[in-house]
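Trainee: In UniProt numbering, the protein residues as written are 1 to 171.
(1) Figure out for me which residue from 89, 112 and 111 has the closest Cα to the Cα of residue 102.
(2) Between which residues of its own chain and residue 67 is the CB-CB distance below 6 Å, once the five residues before and five after are set aside?
(3) Is the distance from the Cβ of residue 96 to the Cβ of residue 53 below 7 Å?
(4) Which value, in whole angstroms, describes the spacing of the CA atoms of residue 70 and residue 121?
(5) So within the UniProt domain "Histidine kinase/HSP90-like ATPase" (16 to 120), which uninterrupted beta strand (DSSP E) runs reach at least 3 residues, ignoring any that extend past its ends?
(6) Mind checking residue 172: buried by the 16 CB within 10 Å criterion, or exposed?
(7) Quick check on DSSP: helix, strand or coil for residue 11?
(8) Grab me the residues of residue 108's own chain with a C-beta within less than 7 Å of its C-beta, minus the 5 sequence neighbours each way, in chain order.
(9) From residue 16 to residue 43, what distance separates their C-alpha atoms?
(10) Closest to residue 87 by CA distance: which of 33, 62 and 100 is it?
(11) How long is the line joining the alpha carbons of residue 7 and residue 126, rounded to whole angstroms?
(12) Take residue 35 and list the residues in its own chain whose beta-carbon comes closer than 7 Å to its own, dropping the five residues that flank it on each side.
(13) Could you tell me which of 37, 50 and 82 sits nearest to residue 19, measuring between CA atoms?
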């Protein structure tokens, strides 16, 4: 199956509590649009942690960039800001990067020329459709698609078929 590779979304924002909740809804909408509904909760929670860390350690009103990239197999979420201080995974855990680590398959940080990027990935393979949508009936389709054929016709109301269950007739 061929997937349109590299679905991508990027947004620049000034960090604040209101913006974090707005971005959470935007990320959820993109994941649903890409049919990644099962990943909405953990990805939004981890992205919210990264943005909250920017707000807490860099400060309100600072610019950051959030980027989503889905290749058909892996979803990567990154948050970059202009603060050069690198984040640390604390021994006690409980929040921040330890929560991101728990919600993702991998994560990391990288220095940039004007700050840093913190990212995480999740394995998110292309969803497989199950074909549960109803089929369009053919003209006169009840006779062909409707069910078992009995000696009294396609849907016997009485006789041996009604007592013993449907009996299929091979033609």
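Where a beta carbon is used, it is the ideal one built from N, C-alpha and C, also for glycine.
Mentor: Walking through what the data contain:
(1) 89
(2) 10 and 78
(3) Cβ distance < 7 Å, so residue 96 and residue 53 count as in contact.
(4) 9 Å
(5) 63 to 70, 74 to 81 and 106 to 112
(6) The requested residue 172 does not occur in the structure, where the chain is confined to residues 1 to 171.
(7) DSSP places residue 11 in the strand class (E or B) of the three-state scheme.
(8) Correct list, in chain order: 119.
(9) 19 Å
(10) The candidate whose alpha carbon is nearest that of residue 87 is 100.
(11) When rounded, the distance between both Cα atoms is 12 Å.
(12) 127
(13) 50
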